[in-house]
Every structure is written in structure tokens, then in C-alpha cells.
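Participant: In the order they appear, the protein sequences are chains A and B. For the first sequence, our numbering begins at 1 and goes up steadily by one. For the second sequence, our numbering begins at 1001 and goes up steadily by one. Beta carbons: idealized from backbone N, C-alpha and C, even for Gly.
Protein chains: 2
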Amino acid sequence: MKVTIKDVAKLAGVSKSTVSRVLTNSDNCSERARQKVLEAAEKLNYKPNALARAMITKKTGNIGLIIYQKHKPILSHPFYAPIVEAIVDTSRKKGYSLFIASDQDINASSAELLLEKRVDGIIFASFIDPSIVLKYKNLGVPLVLLNNSVDIEGISYVTCDNYLGAYKAVNYLVQKGHTYIGFLCGPLQHRSYTERYKGYVAALEDNGIKVQEDLIRIGESTLSDGNRLMNQLLHSTRIPTAVFASNDMMAIGAIKAIKKKNLNIPRDIGVIGFDDIEFGTLIEPALSTVHVDKTKMGELAVELLIDEINKNTSTSKKNIIPTEVIIRESS
Amino acid sequence: MKVTIKDVAKLAGVSKSTVSRVLTNSDNCSERARQKVLEAAEKLNYKPNALARAMITKKTGNIGLIIYQKHKPILSHPFYAPIVEAIVDTSRKKGYSLFIASDQDINASSAELLLEKRVDGIIFASFIDPSIVLKYKNLGVPLVLLNNSVDIEGISYVTCDNYLGAYKAVNYLVQKGHTYIGFLCGPLQHRSYTERYKGYVAALEDNGIKVQEDLIRIGESTLSDGNRLMNQLLHSTRIPTAVFASNDMMAIGAIKAIKKKNLNIPRDIGVIGFDDIEFGTLIEPALSTVHVDKTKMGELAVELLIDEINKNTSTSKKNIIPTEVIIRESS
DNA sequence: GGCAAAAATGGGAACGTTACCAGCAATTCT
DNA sequence: AGAATTGCTGGTAACGTTCCCATTTTTGCC
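(1) Can you grab the Cα-Cα spacing for the pair A:ILE269 / A:TYR96, in whole Å?
(2) Determine the chain A residues that contact B:MET1055 at a beta-carbon separation under 9 angstroms, and present them in chain order.
(3) List the whole-angstrom C-beta distance separating A:SER330 from A:ILE277, where the pair is believed to meet the contact cut-off of C-beta under 8 angstroms.
(4) Using Cβ-Cβ distances below 8 angstroms, what residues of the segment 1097-1123 of chain B are close to chain A?
(5) If you measure beta-carbon to beta-carbon, which residues of the segment 1231-1250 of chain B are closer than 7 angstroms to chain A?
(6) Since I believe B:GLY1273 is in contact with B:THR1295 (beta carbons under 8 angstroms), could you give me their beta-carbon distance rounded to a whole number of angstroms?
(7) Give the DSSP-derived three-state secondary structure of B:LYS1318 in the structure shown.
(8) In the segment 252-279 of chain A, which residues sit with their C-beta less than 7 angstroms from some C-beta in chain B, listed in chain order?
(9) According to DSSP, is A:ASP161 part of a helix, a strand, or is it coil?
(10) Given that a residue counts as buried once 16 or more other Cβ atoms are within 10 Å of its Cβ, and exposed if not, what is A:SER189?
(11) Using a Cβ-Cβ cut-off of 8 angstroms (strictly less than) and excluding sequence neighbours within five positions of B:ASN1227, which residues of its own chain qualify?
(12) When the cut-off is 9 angstroms and only beta carbons count, does B:ASP1089 lie next to chain A?
(13) Where DSSP assigns a beta bridge to B:TYR1068, which residues make up the other side?
(14) If you follow the beta strand (DSSP E) that A:VAL290 is in, where does it begin and where does it stop?
(15) What would DSSP say about B:GLU1220, mapped onto helix, strand or coil?
(16) Would you kindly work out how many angstroms separate the C-alpha atoms of B:ALA1041 and B:LEU1075, rounded to a whole number?
(17) Threshold first: 4 residues or longer. Then list the alpha helix (DSSP H) segments lying entirely within the segment 1131-1205 of chain B, N to C.
(18) State the DSSP-derived secondary structure class of A:LEU98, mapped to helix, strand or coil.
(19) State buried or exposed for B:PRO1142, treating a residue as buried only when at least 16 other CB atoms are found within 10 Å of its CB.
(20) State yes or no: is the C-beta of B:CYS1160 within less than 9 angstroms of the C-beta of B:THR1281?
(21) Going by C-alpha to C-alpha distance, which of B:TYR1193, B:GLU1284 and B:VAL1170 sits closest to B:GLY1352?
(22) Taking CB distances under 9 angstroms as the criterion, tell me whether A:ARG228 reaches chain B.
(23) Are the CB atoms of B:SER1236 and B:ASP1214 nearer to each other than 9 angstroms?
(24) Within the same chain, show all residues whose beta-carbon is closer than 7 angstroms to that of A:LYS377, passing over the 5 residues directly before and after it, in chain order.
(25) Can you pull the chain B neighbours of A:GLU284, defined as C-beta to C-beta under 9 angstroms?
(26) So is B:ILE1074 in contact with chain A if we call contact Cβ pairs under 9 angstroms?
(27) In terms of residue numbering, what span does the beta strand (DSSP E) encompassing B:ALA1286 cover?
(28) Report the partner residues of B:ASN1062 according to the DSSP bridge assignment.
(29) List the residues of chain B whose Cβ lies closer than 8 angstroms to the Cβ of A:ARG351, in chain order.
(30) Rank A:LEU305, A:THR241, A:TYR80 and A:PHE99 by C-alpha distance to the C-alpha of A:ASN147 and give the top, closest one.
(31) Among residues of its own chain, excluding the 5 on either side of A:GLU299, which ones have a beta-carbon nearer than 6 angstroms to its beta-carbon?
(32) Quick check on this structure: which residue in B:LYS1261, B:HIS1071 and B:ASP1120 has the alpha carbon closest to the alpha carbon of B:PRO1187?
(33) Short of 6 angstroms in beta carbon distance, which residues of its chain neighbour A:LEU223, apart from the five on each side in sequence? Order them along the chain.
(34) Any idea if A:LEU233 is buried or exposed, counting beta-carbon neighbours within 10 angstroms, 16 or more meaning buried?
(35) Just to confirm, is the Cβ distance from A:TYR200 to A:PHE244 under 9 angstroms?
(36) Let me make sure I understand the geometry here. Which of B:ILE1066, B:ARG1191, B:ILE1083 and B:LYS1093 has the alpha-carbon closest to that of A:ARG92?
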């Protein structure tokens, strides 16, 4: 554990400069020296100390993923989990090690910590306060926003096309003859939900359908809130013939509520969700939804961050992954 | 970004030794000096360089989580995701930063990398080759095994009580009058599945029921394999009246297969799974299963690792979390 | 074989921190 | 009052690398 470059140098009979050259760049060194060094390193089971290296190169080869976590399940949330998985895989593939942290406070204290540890860059997933983004941006920290966007010039982000996805979903329901469509909406502080909200409104208006306030129910993006809000709709004077939920968890909660009322899906009420989480296919009826390529989002976030680290501005900073409606049994 | 301890010292009018003392231990320094240093640090927005600190203290405050990933979804697997979430949370609570890596090869190459980065310890989740464990153990690396155990003296691990959980589940089925009980089994290389296998066999034998080879179907621990293996059982000459699946994903696959045959659950065939993943409650019928406290497993793994790092041997090295049968609708 | 150019090498500084030790001032004790 | 103890302080040496530059060795050419 304590074998250093000096030990390798001594055994190989060269200077530590030479060892360093062989082990890093390998240019400007003789074949004879290379062999001796490699042999010695192997024999001593030498592992370079990445800390010491980072001290002088100013690159740790580490990046951070920070997920803002207001509600408990976030890493294990069926929407984020595949994204995180993709980030883990892509980081490794690109030669970076990954710190993962989740923040409960909005001040991004994990970010401070990771910055002390000198990560090369940070991915902020889910919600983040724009002022925090601006602060780090001004500090020159390479960063990428994931599933959240901010109107600050020069900030890279990856989102999916929330607006168009919602628009297409609602438009589909209208094409199917629905005119009285409920909307179970997640918290509007989160940009993705405001976009989905706008998509819902626009689709109705473009089809000449008046937007009704009491069809729109806003709550947390959880199964239980989906259930609760759907029950509200089911107990209103006029029951919608279809419901668009701004995420699948809410949609699943809604389905539970509808089935409990002994109403048939999709005959009595059609349901369509958003996110395309894995378990949407397992419930009955299988959930119609808006597909989001979560793996792609994770991959892209890492690639964008690495571009940011390398000041490679060739790639576009703003990436909006297309979304598409998937019709299964619930609509 | 480039403000160092030296800058703080200059502004505060003291030596860098004093600054270091104030910022780390804060013992043996005057109140006057402390104030000046704290003020200067604040003013300059000084952030200590954790790399330089780690160089000399030999402690990075970082730990690594390595998940062996033979099949694609692992981090986003409904069993592992809550464990990982608990590990993230607990690490932060205990003041450690967490690297997460997943390994596709069994040689644990991520471990090598993390060791170069001088993590203070490593949690190995899921399967790992005992020879790798032994190698790192001998190297003196603090490590903890999670959801896997190895018969090597002095290795800490956290598992759940696979044997007893399986035993109790099968015993329950027997008490309900079943005597011809199928078993959908995950890969036996993984220790948790061999334990569950043993529990199945023991429960039958203790009840005087002969273990029938053709009732036991071994495959991957996936939904699709659960489906496939269940179909095999459904097409055999004698169809079991109940099925025990060694994990919930297989159980859900089995339920799909049974329902497709238009058989009733639990009337025609009872099903019981293992793991208690979230979505077991959402399918129909709600899945009976063996509950595993995944959050506890994650927490304990981190705590054990930190004990290991601090050479604190007061806590038990072998932690087996109790499991309990939860009966819902499928049995 | 001599000389210039190129290639390879080694020594030391640097990265930013903490650990160690010696020194100095202030306080306490006899 | 002098000695002993205590509390603070600053200088310097680490930690293990890579970078820079000067030096040595090799190569290429006539």
C-alpha cells in the first residue's frame, strides 16, 4: 500500500522522472527503460497515487452527481434510477469516477463538499435553485443540469421534450373523442411539470376545447397523491372521460382509484401517464404513457459534462430528448 | 478557485500553521487568532483542498460502492435501488463521500481504480469472487460485503436471512394445505439463492414432503425467466398448486404466466415471492412475499465499513437482517 | 571521427495541506 | 525573584506525484 514511484525508480535503476514518463505519456523514453520500469512496477504491485497526481495536474478524473431530494425515494425512483444507472455506466466508459450525493436542502451543500474534493465537474439532477447554478457558473465550475433547465446563458442541460410529449398525449385523447380531460399535475416549481402543463393547455386550445380549472389538480408527483387527486375528480359533479397524469406514478395512483370505483379503464375513463417507467407495463391495464429515453438522458449528461470540462464547445449545450406517446391498454 | 491556506494566513496576519490549526482542530489557539482566521477565510471564500489534506492525513473521507453487474438493470433494480439510496444517505450522514461504480467483469477492476484514488474503504454489493475478497483483505483494505457472504475469517458482511425467509414462506404454503409446491429459483452461484434453495428444501422435508426435482426450475432472476419457468411448470403433467419464487421479479413473471392461462390466483395457484419490492403491492393480485429491510441493509453496510476503517471491532462483523413473510393477495 | 541535432535522463521545484518541533511569551508555583 | 509549566505560535519537513530545465547520451550525417 505504501510503495511509491521512488521505490519503482530504485528497483528499475532509473530516476522517478523516468518512471513517471513511462507510466503516463510514454513518449521520449527508451524501450529499455520502459521495460525495466514496467517490470519493476509489476513486481512491486505499484499503484500510482491519484491524489498526488491530481495535486499537480489539477484533474482528479472524478465527477459528481447531485440529486436534489425533496421527497424520499429519488435514487430508487423508477424514473431516476435508470438515469443514474446510465450515468454510472457512461462515466466509467469515459474514464471518470463518479461521486453520487443527494441533497435535501436547496443550498447544495453536497456541491460544496465535492468541490473541496476537487471534482472536475458536477451534474445537477432534478430541481436546483437558479442562484446556485449562477454561483457555480461564475466560479467556473463545469456543470450540467439534468431534467431541469434554467434560463442562464451558457448553461448546459439535458431534458426531455416535456411540452411536446404532453401535447401529443392530450392531442391523442382528443382525437379519440375525449373533450373533458382531467389533468393530474406535479408541483409547478419543477420546470418539467410547468412544461407538461403548458402542453396540456395548448393541446386543448388548439383543438378548440376550453380549459377548465377544476379539471386540473395539482399535487406531489407521487402515487398516493395521484390517487388522492383522482378521487377528487371522481367525486366532482362531472367526471372526466379521460385523465392525463404528468407522471406515471400519479397515473398508477389514478388507476387504483378508478378501479376501486369499479369503473372500467379505458371504457369509462382513459388514462395516460408520462415517463414510461418499467412498471407501467406490469399493472393492469398496462399504462399508456409518454416515453422518455432515460438511458439517453444519463449518457448525454455525462458527455455534455465532459465536453464542458474540456472546454469543448462543439456540442450543443441544450439537449432536448424527443418524447413519444406509447399507447397500451389504459387509453 | 485558487485561494490557498497561504492567502488566508497572509490576510489574517498569521502563519499557515495557525490557519490549519483553527480550521481543523481548533485546539491550542487563541480566540483572537481564531477570529482573524475565520474572518479572512470567509472573506476570501477559502475552500480547503481535500486532496492536499488527504495526502498527509492518509484519509480521503471517501468510500466506494461497487456493484457487480452481470445483467443490465442493477442500480435501477427495485431490490438494489433502495439499498443504494440508503447507502448514499448514510454515507453523507456519517461525513463520507461516496463513489459508485458497477463492474461487469468479475475481476473488480473498478476496485483497482478506486484504490488508486485512495478510498478509505469499499462496499462490494451483489456477487464477488472470494479470491478478490481475499486479495483485498490481505492488502488491508477495509471492506464490507453486501447481500453476499464469503467464508473468510474476519470479513464483514450484511445479508438478510435468506434461509429462514424461504423456510417460513414455504412453511406457510404447506400450512395452507399445499403439498405440491413449485420453486422458481435464481442462479445458484449467488449465495442468497442457494440459501433460499436450502430453505425451500428444509421446509418441505420438515413437513414430511418429498422434494421433487421437476418442481424446481432454475433460471436468471428476471421477470422474463420467471415467466418462462412458470410456463414450463404449467405445461408439465402435474401442475403445482402453489409456487415459491426466489425473488419478486420472477414471481411477477410467474403471475403473468398464470393469468395468461386464465387460472385464478390464489385459488388455482398460490404465489409467493421474496424481496418485497415496491411494485409487488401494485400488481394484481398484490404479491405475497418475504420482506427484506433494504434500507437497513444499506445503512448497516456503511456503518460496518466505517467501523472497519476505524478498526473499531466492537460491532459484530456478521449481520443477518431478519426476514418476515408478508401475506397479501397472491397466496 | 567529429560535430550538430535529437533523444533520453535526472535533479529539483511545485502542488496545498498537516505534523512535528523548537521557541517565545505569559502564567503559575515555590 | 527565579524556575517550571503552560499556551500559542511559526518554520520546516513531509505526502507522492508531474513539470521544467539542464545535462548526458545517442543518433545521424558528411
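Facilitator: The relevant details are as follows:
(1) Within the first sequence, the letter at position 269 stands for residue 269 of chain A. Within the first sequence, the letter at position 96 stands for residue 96 of chain A. Cα to Cα, the separation comes out at about 48 angstroms.
(2) Residue mapping note: residue 1055 of chain B aligns to position 55 of the second sequence, counting from 1. Those are ASN49, LEU51, ALA52 and MET55, listed as they occur along chain A.
(3) Within the first sequence, the letter at position 330 stands for residue 330 of chain A. Within the first sequence, the letter at position 277 stands for residue 277 of chain A. With a Cβ gap of about 14 angstroms, A:SER330 and A:ILE277 do not count as contacting.
(4) SER1097, LEU1098, PHE1099, ILE1100, ALA1101, SER1102, SER1110, GLU1112, LEU1113, LEU1114, LEU1115, GLU1116, LYS1117 and ARG1118
(5) none
(6) Position 295 of the second sequence, counted from the start, is the residue given in the question as residue 1295 of chain B. Position 273 of the second sequence, counted from the start, is the residue given in the question as residue 1273 of chain B. Rounded, the Cβ-Cβ distance is 19 angstroms, inconsistent with contact.
(7) As a working mapping, residue 1318 of chain B is identified with position 318 in the second sequence. Note: B:LYS1318 maps to strand in three-state DSSP.
(8) For the segment 252-279 of chain A, the set of residues with a beta-carbon nearer than 7 angstroms to any beta-carbon of chain B comprises ILE252 and PHE279, in chain order.
(9) Numbered from 1 along the first sequence, position 161 holds the residue referred to as residue 161 of chain A. DSSP places A:ASP161 in coil when its eight states are reduced to three.
(10) Translated into the one-based positions of the first sequence, residue 189 of chain A becomes position 189. Correcting the residue identity first, residue 189 of chain A is Gln in this sequence and not Ser. That one is exposed.
(11) Translated into the one-based positions of the second sequence, residue 1227 of chain B becomes position 227. GLY1253, ALA1254, LYS1256 and ALA1257.
(12) In the second sequence, the residue the question calls residue 1089 of chain B occupies position 89. So yes, B:ASP1089 belongs to the interface.
(13) Residue numbering aside, residue 1068 of chain B sits at position 68 when the second sequence is read from its first letter. According to DSSP, which records beta bridges pairwise, B:TYR1068 is partnered with B:ASP1103.
(14) As a position in the first sequence, residue 290 of chain A is number 290, starting the count at 1. 289-291 is the extent of the beta strand (DSSP E) around A:VAL290.
(15) Taking the first residue of the second sequence as position 1, residue 1220 of chain B is located at position 220. In the displayed model, B:GLU1220 falls within coil according to three-state DSSP, outside both helix and strand.
(16) Taking the first residue of the second sequence as position 1, residue 1041 of chain B is located at position 41. Taking the first residue of the second sequence as position 1, residue 1075 of chain B is located at position 75. If I take the Cα positions, the gap works out to 40 angstroms.
(17) 1162-1175
(18) As a position in the first sequence, residue 98 of chain A is number 98, starting the count at 1. Of the three classes helix, strand and coil, the one that applies to A:LEU98 here is strand, per DSSP.
(19) Along the second sequence, read from residue 1 onward, the residue named residue 1142 of chain B stands at position 142. With 16 or more other Cβ atoms within 10 Å, it is buried.
(20) Position 160 of the second sequence, counting from 1, holds the residue named residue 1160 of chain B. Position 281 of the second sequence, counting from 1, holds the residue named residue 1281 of chain B. Contact check for B:CYS1160 against B:THR1281 fails: the beta carbons are separated by 9 angstroms or more.
(21) Absent from the structure is residue 1352 of chain B, since the part of chain B shown begins at 1001 and ends at 1331.
(22) As a working mapping, residue 228 of chain A is identified with position 228 in the first sequence. Chain B, which has no Cβ nearer than 9 angstroms to the Cβ of A:ARG228, makes this no.
(23) Indexing the second sequence from 1 puts residue 1236 of chain B at position 236. Indexing the second sequence from 1 puts residue 1214 of chain B at position 214. Cβ distance < 9 angstroms, so B:SER1236 and B:ASP1214 count as in contact.
(24) Because chain A in this structure spans residues 1 to 331, residue 377 of chain A falls outside the shown range and cannot be described.
(25) If you number the first sequence from 1, residue 284 of chain A lands on position 284. Within chain B, the residues near A:GLU284 are LYS1259, ILE1283 and GLU1284.
(26) Here residue 1074 of chain B corresponds to residue number 74 of the second sequence, with the count starting at 1. Yes, because at least one Cβ of chain A sits closer than 9 angstroms to the Cβ of B:ILE1074.
(27) On the second sequence, position 286 is the one that residue 1286 of chain B refers to. Looking at the DSSP string, B:ALA1286 is not in any beta strand (DSSP E), and its letter there is neither H nor E.
(28) Start at 1 with the first residue of the second sequence, and residue 1062 of chain B comes out as number 62. B:ASN1062 is bridged to B:SER1097.
(29) Since the displayed chain A opens at 1 and closes at 331, residue 351 of chain A lies outside it and no answer follows.
(30) For the purposes of this step, residue 147 of chain A is taken as the residue at position 147 of the first sequence. Selected option, being the one with the closest Cα: A:TYR80.
(31) Numbered from its first residue, the first sequence carries residue 299 of chain A at position 299. Correct list, in chain order: ALA86 and THR90.
(32) Indexing the second sequence from 1 puts residue 1187 of chain B at position 187. For B:PRO1187, the closest C-alpha among the options B:LYS1261, B:HIS1071 and B:ASP1120 is that of B:HIS1071.
(33) For the purposes of this step, residue 223 of chain A is identified with residue 223 of the first sequence, where counting begins at 1. The residues are MET249, ILE252 and GLY253.
(34) For this step, residue 233 of chain A is matched to residue 233 along the first sequence. Counting Cβ neighbours within 10 Å, A:LEU233 comes out buried, since at least 16 surround it.
(35) Position 200 of the first sequence, counting from 1, holds the residue named residue 200 of chain A. Position 244 of the first sequence, counting from 1, holds the residue named residue 244 of chain A. It is a contact, given that the beta carbons lie within the stated cut-off.
(36) Taking the first sequence and counting its residues from 1, the one referred to as residue 92 of chain A is at position 92. Looking only at B:ILE1066, B:ARG1191, B:ILE1083 and B:LYS1093, the smallest Cα-Cα distance to A:ARG92 is reached by B:ILE1066.
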